[in-house]
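A short worksheet on the structure shown next.
In the UniProt record's numbering, the protein residues as written are 1 to 121.
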């Protein structure tokens, strides 16, 4: 069962992580389980699937950093002004959330993007 589910889990995790134009989603065992429509505790019995999910699992602050980078890129793509208000409206994050995610921006943003985001936030 574990081997059979592994490709579906990989596909689901990839789809959730690389959201494109949609708002990014935090990768957790519970979120993947819900996305796949599986019952509670299913991944406890599927160690390879759970291990695959845990490769992508991130802290809340790391998720906020990834979401901030996504919002920045979306605003640039749409030709909108990149400012605190537009970022907040897209991400629904409070200022303290933005402040706490600064240390993780380097993981998701290019150097120039990181500088701009640090000045906005």
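All C-beta atoms, glycine included, are put in the ideal place defined by N, C-alpha and C. Given the structure is predicted, the values throughout are model-derived calculations rather than measurements.
In this structure residue 66 is buried. Its beta-carbon is surrounded by 16 or more other beta-carbon atoms within 10 angstroms. 60 is the residue among 80, 88, 93, 60 whose C-alpha sits nearest the C-alpha of residue 104. Around residue 21, the same chain offers no residue with a beta carbon nearer than 6 Å, after the five sequence neighbours per side are excluded.
Distance from the CA atom of residue 74 to the CA atom of residue 23, rounded to whole angstroms, is 9 Å. Within the stretch 32-109, the complete alpha helix (DSSP H) runs of at least 4 residues fall at 47-56, 60-78, 84-91, 95-101, 105-108. The beta-carbon distance between residue 101 and residue 68, rounded to whole angstroms, is 6 Å. This is short enough to meet the 8 Å contact definition. Of the residues assessed, residue 46 falls on the buried side of the cut-off, its CB having 16 or more other CB atoms within 10 angstroms. Here residue 71 is near residue 90, since their CB atoms are less than 7 Å apart.
For residue 48, same chain residues with a beta-carbon under 6 Å away, outside a window of 5 residues either side, are 2, 6 in chain order.
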